[in-house]
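Please read the structure below before turning to the comments.
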Amino acid sequence: MLYGIDVGGTKIEIAIFDDHLKRQDGWRVDTPKDCYRDFIDAIISLIAQADQRVEQPAKAIGIGMIGIVDDNGNCVSSNLPCVNGMSLVEDLTRSLVRPVAIDSDMNTFALSESLGGAGAGIDMVLGAIVGTGTGSGLVVKEQIYKGRSGIAGEWGHVPISATLVQRYQLPLRACGCGGFGCAETYIAGPGLLWLGQHCGGQFVDNPELIAALRGGDERAEKAFAIYLDCLAGSLAQAILHYDPGVIVIGGGVSNIREIFHRLPALIEAHLLPGMSVPALKRPRFGDASGVRGAAIMAQQLCQKTAR
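Sequential numbering of the sequence shown, starting at 160, is according to this note's numbering.
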């Protein structure tokens with residue numbers, strides 16, 4: 160059996176897979192946010208429950224975490240303050256008495272989609288998550304590419320282009336990272352809602368904004384057009400940096416069907432002349448892709464240990 164764990168800001172999901180990556184079982188618990196010991200105990204408890212449900216417990220554990228994970232398996236920039244700077248891999252390996260692999264949830268998402276997913280057979284897969292936040296994972300020949308500090312793919316914190324700021328007279332918005340003008344503040348889900356309000360709408364959430372868009376509301380149409388151009392410009396920067404063969408777009412915003420119809424032409428306008436836009440695809444495994452990618456990390460760890 161393979162265990163994959165996906166740690167989110169509100170829930171921790173565990174899933175049990177067979178060695179063909181077919182899901183057998185899974186459940187969720189609340190994420191402890193304030194106490195590191197409580198967080199570790201929650202993971203230990205999930206593994207203990209999984210061990211009781213299978214005939215042969217997993218030999219290794221894969222975990223996808225929100226935030227950036229360094230080469231030592233430590234979270235260095237997470238929305239869970241209790242885990243930042245802590246020796247997660249060391250502590251969990253000791254407590255669980257088996258190897259543990261930890262990486263960002265963006266990387267586990269990309270890994271899942273590169274192996275049997277929407278990016279199968281493509282040498283370089285960029286898995287872009289556009290939801291409450293924005294980021295991506297990069298997989299090259301079925302291996303996660305982390306870079307020197309584990310930040311490869313953090314295009315959400317690249318500043319939005321001056322061209323877009325000038326074109327739409329956008330203010331430089333404060334970002335949670337401490338910077339100003341980060342693309343995430345315009346292209347993540349909260350950014351879309353902000354644009355709707357910036358354009359004079361009184362939308363309370365994105366579903367209302369999209370319903371208004373489909374009903375022909377001019378303010379919603381204006382906001383969405385600005386949003387798409389900002390998203391296209393940011394994705395174009397990622398393409399210029401990595402030149403991926405496919406971009407798999409996940410996260411809540413990816414459920415808006417109009418995005419996939421209109422993005423390619425807008426991205427092309429931000430690229431160099433003669434450049435083509437890589438295929439843009441929805442994730443084959445949807446919201447379950449991250450936990451599946453964590454299980455793949457566990458599988459790869461088992462294979463590495465066996466050698």
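Backbone N, C-alpha and C define an ideal beta-carbon position, used for all residues, glycine too.
In this text the structure is predicted, and so the values were computed from the model without any measurement.
Residue i classed as buried or exposed, judged by whether at least 16 other C-beta atoms fall within 10 angstroms
i	result
Thr512	This structure does not reach residue 512, given that the chain is present from 160 up to 466, and the question cannot be answered.
Glu249	exposed
Phe419	exposed
Cys336	exposed
Gly232	buried
Leu460	buried
Leu431	exposed
Pro330	exposed
Arg416	exposed
Glu214	exposed
Ala174	buried
His179	exposed
Ala279	exposed
8 angstroms contact criterion, which residue i and residue j should meet: CB distance rounded
i	j	result
Ile288	Phe268	6 angstroms
His316	Gly338	7 angstroms
Pro191	Ala201	5 angstroms
Leu285	Ile406	5 angstroms
Ala219	Arg257	6 angstroms
Ser393	Ala342	4 angstroms
Ser263	Gly306	Actually they are not in contact, since the Cβ atoms of Ser263 and Gly306 sit about 12 angstroms apart, beyond 8 angstroms.
Residue closest to residue i, alpha-carbon to alpha-carbon, out of the options
i	options	result
Ala453	Ala397, Leu270, Arg378 and Ser295	Leu270
Ser273	Ala347, Lys300, Val317 and Ile164	Lys300
Lys381	Glu367, Gly359, Ile202 and Ala391	Gly359
Pro423	Ile398, Lys170, Ile199 and Asn414	Ile398
Trp186	His179, Arg196, Lys192 and Asp165	Asp165
Gly167	Ile225, Asp193, Leu372 and Gly221	Ile225
Asp230	Ile220, Ser308 and Gly409	Ser308
Gln325	Ser413, Asp388, Arg416 and Val235	Asp388
Phe176	Met160, Val298, Thr190 and Ser320	Met160
Pro487	Gly410, Lys440 and Lys181	With the chain covering only 160 through 466, there is no way to say anything about residue 487.
Met245	Cys194, Arg257 and Glu214	Cys194
Ile206	Val235, Tyr162, Ile346 and Tyr327	Tyr162
Ala391	Ile319, Val242, Asp264 and Arg253	Ile319
Thr169	Asp402, Asn414, Val436 and Leu239	Leu239
Arg451	Thr293, Ala311 and Met265	Met265
Bounding residues of the alpha helix (DSSP H) (the contiguous stretch that carries residue i)
i	result
Ser273	Asp264 to Ser273
Ala174	Segment Lys170 to Phe176 is the beta strand (DSSP E) holding Ala174; no alpha helix (DSSP H) there.
Val324	Ala321 to Tyr327
Ala209	Tyr195 to Arg212
Val248	Leu247 to Leu255
Ile426	Arg416 to His429
Limits of the beta strand (DSSP E) - the one that residue i falls within
i	result
Arg182	Arg182 to Asp189
Ala382	Note, Ala382: premise wrong, no beta strand (DSSP E); alpha helix (DSSP H) at Glu377 to Tyr401.
Leu239	Per DSSP, Leu239 belongs to no beta strand (DSSP E) and is neither H nor E.
Counterpart residues of residue i in DSSP-defined beta bridges
i	result
Gln302	Val299
Met456	DSSP lists no partner for Met456.
Gly370	The amino acid at residue 370 is misidentified as Gly; the sequence shows Ala. Ala370 is not bridged to any residue.
Met224	Val166 and Ser263
Glu407	A small fix is needed here, since residue 407 is Val in this sequence, not Glu. According to DSSP, Val407 bridges with Gly286 and Lys440.
Pro216	For Pro216, which the question treats as bridged, DSSP gives no partner whatsoever.
Phe339	Ala333
Contact test: residue i Cβ vs the ligand COA heavy atom, cutoff 7 angstroms
i	result
Val450	Summarising the ligand content, the structure contains no ligands, and the ligand COA is consequently not present.
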